[in-house]
Every structure is written in C-alpha cells, then in structure tokens.
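Q: This is the structure, below, for whatever I ask next.
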Amino acid sequence: MRSLSRALVPAAAAVMLLQAAPAGADPGPADPDSVVAAAATPESVCGSGYRIIDSVPIKTPRLWATSYLLYNNNGYNCVVTWKNTNLGVRTYTEARIQVQGSSTIHRNGGNFTTYAGPVRVQAGGKCVQFGGIASDAPGGQRFQALSPWGHCG
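In my numbering, the protein residues as written are 1 to 153.
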C-alpha cells in the first residue's frame, strides 16, 4: 500500500488515499491528478478560507472547463480551471490571473487530467482579470476565456 497526494495541493488541503495492489503485481506509477480529483473542489485546492466569488466558462458552445476565482479575507485571490470534458485524459489546461497595473500574468498550465492551479496572488485594493485555457484533446485545439477586469476590492 502507498499514500498518494498531488504536490500542488496545499498540505492542509491534501487528500490522502491508499491504493492497494494485488500480491505480486507491479502497481506502476500512480496518477495523482485522478486520485486527488475524486475528493477535490476548487475551495479545497486553493486552501482553507477561500470561497468562490466568480467564474468564467470555457466553451465553444461545448463546455470544456470553468475557471473559478476564489478569495480569502487576507486579500488573496486564487484561480483554478476545472475541466468539464475529457476528465481523466491529460489535455492542456491552464489557470491564470493578472493584477491590474502589473504586466505579470501568473499561471499554471500543463497536461492535467482534472484541473489546473491553484494560482494565488495578493491583490487587495486592485482589480484582477482571470481565466483559463482548455483543449479538446491531447495536443488538440485550445480554447480560452478571460473575465473582464473586476473584483477591485
């Protein structure tokens, strides 16, 4: 038996599951995305104290994913892009956020089975723009959605 967790999930929110392999069988590499996704939510991925305040769908009209903006009372925003299609299949998925007045776009992207992120930034008193990217297949076409500038508290 072994314990699995996704490295990007904060320790306090990590979901630990045990996987048993039949005697004599090689369990092979585990897919931490799939294991954590079984019990994860955008709130648990961002960590304690975060709550969803907005979202943008990534669609064509098919809904590929949804980017969620979360906020905690310490002035931090967090973005997670959650796949709605191709769950369990590694496709390019990205979560991103930019603080108005900065040229830096904070992002987490890669070939994920369930979600991209979390991406956290301190943005107290400043507006943010958030969104994400999802693809239709491994190496396939990518679709993007961005929010307007907002949440300027």
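Just so you know, even glycine gets a beta-carbon here, dropped at the ideal spot from N, CA and C.
1. Could you pull out every unbroken beta strand (DSSP E) segment of at least 3 residues lying fully inside the segment 65-123, listed in chain order?
2. Would a C-beta distance cut-off of 8 Å place Ala95 and Lys83 closer than the cut-off?
3. Since Ala123 and Thr81 are thought to touch, with beta carbons under 8 Å apart, how far apart are those beta carbons, to the nearest angstrom?
4. Report the option in Tyr71, Leu146, Gly49, Val89 whose CA atom is closest to the CA atom of Cys152.
5. How long is the line joining the alpha carbons of Phe143 and Gly49, rounded to whole angstroms?
6. With DSSP run on the structure shown, which of helix, strand or coil describes Arg142?
7. In the DSSP output, what is Ala134 paired with across the bridge?
8. In whole angstroms, what is the alpha-carbon distance linking Ser147 and Ile97?
9. Can you tell which of Val45, Pro118, Gly88 has its C-alpha closest to the C-alpha of Asp136?
10. May I have the straight-line CA-CA distance separating Gly140 from Gly131, to the nearest angstrom?
11. Ordered along the chain, which non-local residues of its own chain (more than five positions away) have a Cβ less than 6 Å from that of Tyr68?
12. Out of curiosity, what's the CA-to-CA distance linking Arg120 and Thr113?
13. Pick from Ile58, Arg90, Asn77: whose alpha carbon is nearest that of Val45?
A: The short version:
1. 76-83, 91-99, 105-112, 115-122
2. no
3. With a Cβ gap of about 18 Å, Ala123 and Thr81 do not count as contacting.
4. The option with the nearest alpha carbon to Cys152 is Tyr71.
5. 30 Å
6. strand
7. Thr93, Phe143
8. 10 Å
9. Gly88
10. 19 Å
11. Pro42, Ile52, Ser55, Val80
12. 21 Å
13. Nearest of Ile58, Arg90, Asn77 to Val45, Cα basis: Asn77.
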